[in-house]
Every structure is written in C-alpha cells, then in structure tokens.
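Chains as they are written, first to last, in our numbering: chain P, 5 to 115; chain F, 25 to 142. For each residue, glycine too, the CB sits at the ideal point set by N, CA and C. Note that the structure is predicted; figures quoted are calculated from it, not measured. Down below is the structure, laid out as structure tokens.
Okay, structure coming up:
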C-alpha cells in the first residue's frame with residue numbers, strides 16, 4: 005500500500021524558522037513535491053525533490069531522504085503571509101502522473 | 025499567460041441532480057488531472073488524461089462520476105445523481121508543455137469548484 009504522513013497543525017512566530025516534516029511509504033517513487041495552499045485558493049508549487057539532499061530556493065528549502073522515506077520543508081524568516089496549508093505529495097511513476105497528497109499541515113504564523 | 029481556470033467556482037445542487045464541472049487547462053499542456061479535496065484534507069486523485077486519452081480513472085468514487093476531454097484541451101467532470109458525500113472542492117491541474125523548460129512535472133492547479141449538495 006501507500007501512505008503519506010505530516011503533522012496536522014503547527015504554529016510559529018514571525019521571523020522564526022519552522023520545519024514541516026513528511027514521511028511516506030510507497031512501492032513506487034519518482035519524486036516529492038511541496039505545495040502551498042492558502043484557504044480557499046489553489047495549491048501553488050513550492051519545490052520538487054527527486055534526489056537525496058537539500059534544495060534551497062530563497063526563504064524556502066526542501067530536503068529528501070529516499071532511503072528513509074522522509075522529507076521536510078524549511079521556511080526561514082517567517083512572514084504573516086506564510087500562514088497557509090503546506091501539502092506534501094509524492095509521484096509514483098515517471099512522467100506526468102498523479103500526485104499522492106498528504107492531508108496537509110496548517111501553519112499559523114503569529115506576531 | 026493565463027493559468028488553469030475552472031467553472032463554476034461554486035455550485036449548489038440538490039441531492040439527485042446532475043452537475044458538470046469544467047476545466048480549461050493551460051494552453052498546450054498535455055496532461056490534465058482531477059482531484060477531490062474534502063474540507064481540511066489534502067487533494068485526492070480522481071482521474072487523469074494525456075491529450076484526449078483517459079489513462080487512469082481508478083480514483084473515481086463510483087460510476088456516477090464521469091470525465092472527458094474529447095479534443096485534448098478542455099475537460100468536464102460530470103457527477104450524476106449527486107449525493108451529500110460528493111460535497112467537496114474539485115480541483116483541476118495541468119502539466120507538461122512539449123518543448124518547455126525543465127522540470128516539467130510541476131502541476132498547475134486551478135482555483136477549484138466548490139460543490140455543495142443539499
């Protein structure tokens with residue numbers, strides 16, 4: 005079977021750093037995505053990891069360990085606008101194939 | 025350029041009615057996906073197309089759900105005899121433009137159609 009797990013909710017302070025973890029089990033794996041979704045809006049792409057290691061993109065970084073079935077999204081210098089749900093998703097097959105999403109982590113950034 | 029658009033944005037249906045949800049993908053995108061998102065949950069896969077071919081419909085919850093993409097562009101998700109458990113946001117996403125810059129696996133999502141069945 006397949007499973008993907010991430011915390012339901014997190015709270016962090018403006019200006020701080022937060023790490024959102026994601027673990028997955030699957031028989032097929034071809035990459036790990038992170039999406040951001042503000043309430044009532046479409047998910048928007050943040051990152052895609054297919055190889056082990058850290059990918060940095062501005063204030064956001066994403067890490068993948070394929071052997072451990074583990075990823076995290078790191079958000080630095082948190083801003084109020086970062087309050088949103090963060091969706092972890094893997095793709096089983098190569099090419100443009102369906103994503104398997106976790107339930108999402110709702111992040112609240114407080115002053 | 026224009027992103028993925030969906031219509032209607034909101035739909036209220038009485039139980040037993042049929043509904044049709046439309047998705048206009050990004051021009052030139054080959055792949056089109058439909059997902060269902062319940063409140064407070066992540067999106068769940070329903071079906072997807074490559075051009076006009078429906079490659080996987082294993083996520084459709086019942087035979088009341090039907091999707092088509094006859095000309096390989098616009099897609100319609102139809103739900104017959106709606107039930108209360110069909111209430112959700114239906115998201116459409118498209119990806120992969122031939123000749124586009126890598127990576128091309130990113131899926132671009134539309135704003136969704138919020139369906140409420142009363």
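Put simply, of P:99, P:98 and P:38 the residue whose alpha carbon is nearest the alpha carbon of residue 9 of chain P is P:38. Chain-order list of chain F residues neighbouring residue 88 of chain P: empty, with the shortest C-beta distance near 13 Å, by a criterion of under 8 Å. Excluding its 5 nearest sequence neighbours in each direction, residue 105 of chain F has C-beta neighbours in its own chain below 6 Å: 40 and 88, listed in chain order. Residues 89 and 91 of the same chain have their beta carbon placed closer than 6 Å to that of residue 108 of chain P, with the five preceding and five following residues left out of the count. Between residue 80 of chain P and residue 65 of chain P, the gap from beta carbon to beta carbon is short of 9 Å. Distance from the CA atom of residue 27 of chain P to the CA atom of residue 94 of chain P, rounded to whole angstroms, is 10 Å. As the crow flies, the alpha-carbon of residue 98 of chain P is around 27 Å from that of residue 113 of chain F. DSSP places residue 45 of chain P in the coil class of the three-state scheme, outside both helix and strand. Pairing residue 48 of chain F with residue 30 of chain F gives a Cβ-Cβ distance under 9 Å. Listed along chain F, no residue sits closer than 8 Å to residue 11 of chain P by beta-carbon distance, the nearest being about 13 Å off. Residue contact with chain F for residue 107 of chain P: present (Cβ-Cβ distance below 9 Å to some residue of chain F). At a cut-off of 9 Å between beta-carbon atoms, residue 65 of chain F makes contact with chain P.
Residues of the segment 61 to 94 of chain F whose Cβ lies closer than 8 Å to any Cβ of chain P, in chain order: 64, 65, 66, 67, 68, 69, 72, 74, 80 and 83. DSSP places residue 108 of chain F in the helix class (H, G or I) of the three-state scheme.
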